[in-house]
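Structure, as structure tokens:
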Amino acid sequence: FCDALKKKSIVFHNCDFLDIDLTDLGENDLVYCDPPYLISTGSYNDGKRGFKDWTTVEETQLLELLDQLDKQGVKFALSNVLYHKGLSNDILIEWSKKYRVYY
256 FCDALKKKSI VFHNCDFLDI DLTDLGENDL VYCDPPYLIS TGSYNDGKRG
306 FKDWTTVEET QLLELLDQLD KQGVKFALSN VLYHKGLSND ILIEWSKKYR
356 VYY
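Numbering-wise (my numbering), the sequence shown opens with residue 256 and increments by one.
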């Protein structure tokens, strides 16, 4: 894995997805997103680590950004959950109907 990383042009970002300029990306690019999951909680989003929280607003903004990337011909991968402890992420379920989803 490390050798493969050295042979490719790969950029990692660990920041707010709205702060990244994605306009220059194209069909040879892949964007991987692993946001906080709307219907679950974790220590990373307890409000004590500089993270503001993940709400339906951020969820929708990210999905709209992924739609834009798709229009640009950019491939993307998204880690998330549709169901968790009796809850369902209806926003994500509806949005994902437009795409090929791998479980």
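Built from N, CA and C at the ideal position, the CB exists for glycine as well.
How far does the beta strand (DSSP E) with residue i in it extend, from its first residue to its last?
i	result
Lys330	330 to 333
Leu285	285 to 288
Taking Cβ positions only, does residue i come closer than 7 Å to chain C?
i	result
Gly297	Protein chains in the displayed structure number just one, and chain C is not present.
Buried or exposed: where does residue i fall if 16 or more other Cβ atoms within 10 Å of its Cβ makes it buried?
i	result
Glu282	exposed
Leu273	exposed
Leu260	exposed
Glu314	buried
Could you give the first and the last residue of the continuous alpha helix (DSSP H) run that contains residue i?
i	result
Glu314	311 to 326
Asp258	257 to 262
Can you tell which of the options has its C-alpha closest to the C-alpha of residue i?
i	options	result
Ser295	Cys288, Tyr287, Thr310	Thr310
So residue i and residue j are supposed to be a Cβ contact under 8 Å. How far apart are they, rounded?
i	j	result
Asp284	Ser334	So it is not a contact: roughly 18 Å between Cβ atoms.
Asn286	Val329	This sequence places Val at residue 286; Asn is not what is there. 6 Å between Cβ atoms; contact.
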